[in-house]
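One structure is given below, encoded as structure tokens.
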Amino acid sequence: MKTILIAFNLLALALSATTITISQVYQCSCINALVQSDCLTDFCLWDSTSGTCSNKACSVFDQGECEGVPDPFNCVWNYSSNKCESFTQCSDYTFTIGNSGDCNNKLIRCQADLDSINSSAGTIKCKDRTQDAVLSIDNCNLLPYDSCYWFMTPDSKQCLQNKTAKTCEAKTITKCSDYTQDNCNLLACYWNNNACTELSCSILPQESCSVYLSFDTKSLTFCSWNGSACVDLNIASLTQSQCLNSTYFTYRWNPDTQKCDLCVTPDDDSNSHWILNGSILLAIVLLNGI
Numbered sequence: 001m002k003t004i005l006i007a008f009n010l011l012a013l014a015l016s017a018t019t020i021t022i023s024q025v026y027q028c029s030c031i032n033a034l035v036q037s038d039c040l041t042d043f044c045l046w047d048s049t050s051g052t053c054s055n056k057a058c059s060v061f062d063q064g065e066c067e068g069v070p071d072p073f074n075c076v077w078n079y080s081s082n083k084c085e086s087f088t089q090c091s092d093y094t095f096t097i098g099n100s101g102d103c104n105n106k107l108i109r110c111q112a113d114l115d116s117i118n119s120s121a122g123t124i125k126c127k128d129r130t131q132d133a134v135l136s137i138d139n140c141n142l143l144p145y146d147s148c149y150w151f152m153t154p155d156s157k158q159c160l161q162n163k164t165a166k167t168c169e170a171k172t173i174t175k176c177s178d179y180t181q182d183n184c185n186l187l188a189c190y191w192n193n194n195a196c197t198e199l200s201c202s203i204l205p206q207e208s209c210s211v212y213l214s215f216d217t218k219s220l221t222f223c224s225w226n227g228s229a230c231v232d233l234n235i236a237s238l239t240q241s242q243c244l245n246s247t248y249f250t251y252r253w254n255p256d257t258q259k260c261d262l263c264v265t266p267d268d269d270s271n272s273h274w275i276l277n278g279s280i281l282l283a284i285v286l287l288n289g290i
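Next up, the structure:
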């Protein structure tokens, strides 16, 4: 779920859709907060002397909090010790083959290392993510058929099921209309008038009106409900109370400009200010397996 959740490189702040790359999503943390009201007590510590906000240590979080805090906290849940710990590196983590998707979902910028499968032990190791995509894998051929849903390979191919041969195959996909009805990518597209068609905010029902992915899972578009319909999220119109929650802890409130700004790490912007509080939308990935 750390995957998701989520990465981003393109930013559109117009009155139209707000689309960003997966690497930019869910990056707000306590150390970015400039004022005490933005320093959430569940996750942050406010120093009244220095007027600064800092992240709480991973060790104080329960499982839900540990798996929900944004990537900059660098926290992961240890299922053996039942404790929240600081993330080390992808290759230090091993899961059962059936839970190989945890490399993507539970860690930070990791993916399953299909070459490390130990069949006798029933385990698989994790490795650094090879690309900024929610669904990243090195080789479609080694991906189990039941988990073969829209993973991207380093050569920009996508893993799709061959329902006749029951195999996972690498295909070139450049847009939603390249999919057949059998493999129409439900994270980015929908089947309409005998064609796989790109999603847009306008066709989403209220319960799904939040985000949708690009077909390659490398970018994400924000939506919002205006009371009667789902529309493209206009970042410029958000208030301070809406800024974080409406963007899954991706944008912060700038008290100087009175507008939402994209969260960046302090290394990138010493004047950043932000916080966080939840778990990322992109549990989107309807895959329990890899």
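Each residue of the sequence shown is one higher than the last, beginning at 1 in the numbering used here.
Glycine is no exception: its CB is placed at the ideal position from the N, C-alpha and C atoms.
Quick caveat: nothing in here was measured; it's all calculated off a predicted structure.
Distance check between C110 and each of N118, F95 and S119 places F95 closest, using alpha-carbon atoms only. Within the segment 83-132, the complete alpha helix (DSSP H) segments at least 4 residues long are 102-105, listed from N- to C-terminus.
In terms of Cβ geometry, C176 and C189 form a close pair [threshold 7 Å].
Within the same chain, and ignoring the five residues on either side of C53 in sequence, the residues whose Cβ sits closer than 6 Å to its Cβ are C30, A33, C39, C44 and W46. The segment 201-212 and the segment 165-181 do not touch, with fewer than 3 CB-CB distances between them shorter than 8 Å. No Cβ-Cβ contact shorter than 7 Å links A112 with K218. Annotation note: the segment 133-181 contains the following uninterrupted beta strand (DSSP E) runs of length 3 or greater, listed N- to C-terminal: 158-162 and 167-171. Separation of the CB atoms of N141 and C103 is rounded to 18 Å, and the pair is thereby denied contact status at 8 Å. Counting of Cβ neighbours within 10 angstroms places E207 among the exposed residues, the total staying below 16.
At least 7 Å separates the beta-carbon of V35 from that of T250. Scanning D261, G98 and L262 for the CA closest to the CA of I117 turns up G98. Around D261, the same chain offers R252 and N254 as residues with beta carbons nearer than 6 Å, after the five sequence neighbours per side are excluded.
In the structure shown, A236 adopts helical secondary structure according to DSSP, grouped into three states.
At a Cβ-Cβ threshold of 7 Å, N185 and F215 count as neighbours.
Counting only the Cα atoms, L143 lies some 12 Å from K166.
One alpha carbon belongs to E67, the other to Y93, and they sit about 15 Å apart. Relative to the Cα of S147, the nearest Cα in the group P154, S23, C263 and I137 belongs to I137. L233 is a Cβ neighbour of S224, given a cutoff of 7 Å.
Counting only the Cα atoms, K157 lies some 5 Å from T172. Nearest to T41 by C-alpha distance, out of S210, F61 and R129, is F61.
Membership of E65 in the alpha helix (DSSP H) is indicated by the continuous run Q63 to G68.
Taking the Cα positions, S80 is about 17 Å away from C126. Y145 and S210 have their alpha carbons spaced roughly 30 Å apart.
Contact between V76 and F87 holds: CB atoms are separated by about 5 Å, below the 8 Å threshold.
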